[in-house]
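Here numbering that gives the first Met the number 0 is used: the first residue of the sequence shown is 0, the next is one more, and so on. Quick reminder that beta carbons are idealized off the backbone N, C-alpha and C, glycines included.
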Amino acid sequence: MSTQFIPTELGTEKISKLLRQYAVPAIIAMTASSLYNMVDSIFIGQGVGALAISGLAVTFPFMNIAAAFGTLVGVGASTIVSVKLGQKDYASARKVLGNVFILNIIIGILFTAVSLAFLDPILYFFGASEHTVYYAREYMVIILLGNVVTTLYFGLNNVLRASGHPRKAMMLTVTTVVLNTVLDPVFIFVFGWGIQGAAIATVLAQLVSLIWQFHIFGNKNELLHFHKGSIRPDFRIMKDMLAIGLSPFLMNVASCFIVILINNGMKKYSGDLAIGAFGIVNRVSFMFVLIIMGLNQGMQPIAGYNYGARQISRVMEVLKLTVFFATLITTAAFLIGELMPGLVTRVFTADEELIDLSVYGLRITLMFFPLIGAQIVIANFFQSIGMAGKAIFLSLIRQALVLIPCLIFLPGFYGLTGVWASMPVSDLVACIVSTAMIIHQIRKFKTEQL
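Set out below in structure tokens:
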């Protein structure tokens, strides 16, 4: 499993070719993930109704918290596996695989037990009303019962990617999306299972992919595989995994609380359908953000390697190229949201009131979206070259430091418009700060080269 060719390639190959080679598989996987997030909304909206979309939107914080726990284990595990494989310490890498299995089962069971015990109070806190809590409950009970499957699937996929199988990890993601897309209409329209059918489709799709993962990791010819004695708790490994994954975990939890603030603002100033409108707008905008995240995954190894090799000109080239493509992506989102918002929202629902609310929200939310592609790339760029503090600050300034005060104060003056406007205001401020920081960093690079 030699990777000696990779450093040479990262330091010498044409940057545009490298970015394409590294980013395309990640973008495909991220696009599949975004479609995975949208499929349930589309079929629930068309097959169950407008209030069901609002009920589904109420569950977003739940899903974010579940994803946060998956990230907590998965990011830590993939990082440790990469290091151990680089050190040729294969025995320790296999221990990590076994402890991912143990830790995900423990977290999955605990999360399910606590959530089911307090499900209704949690849903009301997240923004549910007496009209939408039924749909949210029907969906989340199934999702929570399958939560162990979900956490194992995400955790093992991270390890699979880190162990030298990015294409297999990508194919597993694509397979899950395709299965979910096929099963959703069958369970909702043919079997008449409603919003529960969408949840069952989600869990079954993940279960099929999880069985495939077990098949891969059960193969003794794989460098990382389950074997007798590998599934034993090692508290040092567990501690290291959780410590490494803590930063992205906290970021996901922060985004969860922001969704709660938005949901409650929507309910207070407009009602349940406004929560559904935010659910639609969030799904659409997040699809483009995920594509940029895939682009960033392609940039990371190129920027990191060349920064370590002090090839600053190549570092700057990959940054500029990634910013350019990210800006194209977010500009396309802006044009779609401003020029054809009705066409987009009608994919999710036929309810005219929900369509009107979604169109209004989409136009405001995407107001400064062409700028945000660069901001996301710059934050990730600092992470790629080891400046984690700056990266975390730039992520927080968009997701929390500006957005939370806006969500608290703007609705008091402008009502529903203030809730929607909080998001582009946060985007604009974050972009200004990011631009100032990257200009300062570029000047430092130039000074160091003199």
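Hey, is Pro120's beta-carbon within less than 8 Å of any beta-carbon in chain C?
No chain C is present in this structure, which holds just one protein chain.
His164, DSSP secondary structure in three states
coil
Beta-carbon separation (whole angstroms), Phe188 vs Leu151, contact threshold 8 Å
30 Å between Cβ atoms; not a contact.
Extent of the continuous alpha helix (DSSP H) run through Ala373
Phe368 to Ser383
In three-state DSSP terms, what is Leu427?
helix
Alpha-carbon to alpha-carbon, Gly336 and Ile377:
24 Å
Ala325 beta carbon less than 8 Å from that of Phe380:
no
Stretch pair the region 272–290 + the region 349–367: three plus CB contacts closer than 8 Å:
yes
Can you give me the Cβ contacts of Gln3 inside the same chain, cut-off strictly under 8 Å, excluding the 5 residues immediately before and after it?
Annotation note: pLDDT 38 at Gln3 (below 50); position unreliable, no value reported.
For Leu529, which residues from the same chain have a beta carbon less than 7 Å from its beta carbon, with the 5 sequence-adjacent residues on both sides left out?
In this structure the chain extends from 0 to 449, so residue 529 is not present and cannot be described.
Contact under 8 Å by Cβ, Gly244 with Pro410
no
What is the DSSP secondary structure of His342, counted as helix, strand or coil?
Just to set this straight, residue 342 is Leu in the shown sequence, not His. Leu342 falls in the helix class under three-state DSSP.
Taking the alpha-carbon positions, what's the Ser77 to Val158 distance?
5 Å
Between the beta-carbon of Ala28 and the beta-carbon of Thr172, is there less than 8 Å?
yes
Taking buried to mean at least 16 other C-beta atoms within 10 Å of its own C-beta, is Glu137 buried or exposed?
buried
Helix, strand or coil at His224 according to DSSP, with G and I counted as helix:
coil
Under a three-way DSSP split, which group does Asp233 fall into?
coil
Could you tell me the alpha carbon to alpha carbon distance between Tyr306 and Lys389, rounded to whole angstroms?
16 Å
Threshold first: 4 residues or longer. Then list the alpha helix (DSSP H) segments lying entirely within the region 103–182, N to C.
118–124, 132–144 and 146–161
Find out if the Cβ-Cβ distance for the pair Ala161, Val80 is shorter than 8 Å.
yes
In chain order, what residues of the same chain have a beta carbon less than 8 Å from the beta carbon of Lys94, not counting five sequence neighbours either side?
Ser229, Arg231, Asp233 and Ile236
For Ala200 and Asn146, believed in contact at Cβ under 8 Å, the rounded distance
About 16 Å separates the two Cβ atoms, so there is no contact after all.
By alpha-carbon positions, which one of Asp183, Ala204 and Leu203 ends up nearest to Ile194?
Asp183
How big is the Cα-Cα spacing for Leu109 and Ile215?
27 Å
Proximal residues to Phe153 (C-beta, below 6 Å), its chain only, five neighbours per side dropped:
Gly69 and Gly73
Give me the residue from Leu178, Ala349 and Met298 with the minimum Cα distance to Val38.
Leu178
Do Met422 and Thr330 count as a contact pair if the criterion is CB distance below 8 Å?
no
Pull up the CB-CB distance for Ala373 and Cys430, whole angstroms please, since I reckon it's below 8 Å.
7 Å
Closest residue to Leu353 among Leu122, Leu50 and Tyr35 (Cα-Cα distance):
Leu50
With 16 other CB atoms within 10 Å as the buried threshold, where does Tyr21 fall?
buried
Below 8 Å, how does it come out for the region 395–408 and the region 337–344: are there three or more Cβ pairs, yes or no?
no
Straight-line gap, Ala56 to Leu209 (C-alpha atoms, nearest Å)
26 Å
Separation of Leu143 from Leu155, as counted between CA atoms:
19 Å
With distances taken from CA atoms, which of Ser284, Phe408, Ile121 and Gly417 is nearest Leu34?
Ser284
Can you tell me whether Gly270 is helix, strand or coil according to DSSP?
coil
With the cut-off set at 8 Å, would you say Ile259 and Gly414 are in Cβ contact?
no
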